[in-house]
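Colleague:
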Amino acid sequence: MKNVFILLLTLSLSACGYQLAGRGGHIPDEIKSVAIPVFENKTMEPVVEEEFTPMIIREFIKDSRIKVVDRTEADIVLNGNVNSYKESPLSFDQNQEVLEYRITVTTHLKITRQKINNIIWEKDIIKSSEYKVSSNVMTTRTSKLLALKEIAKNLSEEVTDRVLWGW
11 MKNVFILLLT LSLSACGYQL AGRGGHIPDE IKSVAIPVFE NKTMEPVVEE
61 EFTPMIIREF IKDSRIKVVD RTEADIVLNG NVNSYKESPL SFDQNQEVLE
111 YRITVTTHLK ITRQKINNII WEKDIIKSSE YKVSSNVMTT RTSKLLALKE
161 IAKNLSEEVT DRVLWGW
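All residue numbers for the sequence shown refer to the working numbering, where the first residue is 11 and numbers rise by one.
1) Taking C-alpha atoms, which residue in K52, T82 and F102 lies nearest to Q124?
2) Could you tell me how far apart the beta carbons of V44 and F70 are, in whole angstroms, since I believe they sit closer than 8 Å?
3) On the DSSP bridge list, what partners appear for F102?
4) Just the C-alpha distance for E50 and P56, rounded to the nearest angstrom, thanks.
5) Output needed for L100: all residues of its chain with C-beta closer than 7 Å, excluding positions within five of it in sequence on either side, in chain order.
6) Once DSSP output is grouped into helix, strand and coil, what is the label at A157?
7) Report the partner residues of D134 according to the DSSP bridge assignment.
8) From this set, W175, L158 and I46, which residue's C-alpha is nearest K77's C-alpha?
Okay, here's the thing in structure tokens:
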């Protein structure tokens, strides 16, 4: 009985494998650097693009497998547009005053191989976050900025994940 158990255990373990589905991980040898120009803001919300570009650059620097360089030196270029910015009321008090908003941002991202001007990845990405409204205007502004920073962080993680692991 003991031998049967060991045989079954051995067979079941030998059939096991672990792999991250849909993930490559090997960056092509010819891709060693990326340029990330400032995102273009196509919305009426001022300076919203200023949150996204630095956050994505920080994510690439933090990983360090692909160097962030000037466009003239880059193997690939990551261009981004902020296409829409929307604030929607999420919750209200008993007087129908807004207590919380949801910010939804739609970006369009494109990665191009610099030397051959070939688009290797292009995608619209939608991210959202919530913030609370306060009777203090500065507190509300700070909450809104933190929500936008959270959107930028989530976007930057998805983009760097795609570039660094999606091959």
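All residues carry an ideal CB built from backbone N, CA and C; glycine is no exception.
Modeller: According to the structure data:
1) The sequence position of residue 124 within the sequence shown is 114, counting from 1. Closest option to Q124, Cα to Cα, is T82.
2) If you number the sequence shown from 1, residue 44 lands on position 34. If you number the sequence shown from 1, residue 70 lands on position 60. That belief holds up - the Cβ atoms of V44 and F70 are roughly 6 Å apart, short of 8 Å.
3) For the purposes of this step, residue 102 is taken as residue 92 along the sequence shown, with counting starting at 1. For F102, which the question treats as bridged, DSSP gives the partners V108.
4) As a working note, residue 50 is residue 40 in the sequence shown. As a working note, residue 56 is residue 46 in the sequence shown. The straight-line gap from Cα to Cα measures roughly 11 Å.
5) What you label residue 100 is simply residue 90 of the sequence shown in a count that begins at 1. Once the five neighbours on either side are set aside, the close Cβ partners of L100 are E110, Y111, R112 and E140.
6) Counting from 1 along the sequence shown, the entry for residue 157 is found at position 147. Looking at A157 - three-state DSSP - the assignment turns out to be helix.
7) For this step, residue 134 is matched to residue 124 along the sequence shown. H118, per the DSSP bridge assignment.
8) Taking the first residue of the sequence shown as 1, we reach residue 77 at position 67. It is I46 whose Cα lies nearest to the Cα of K77.
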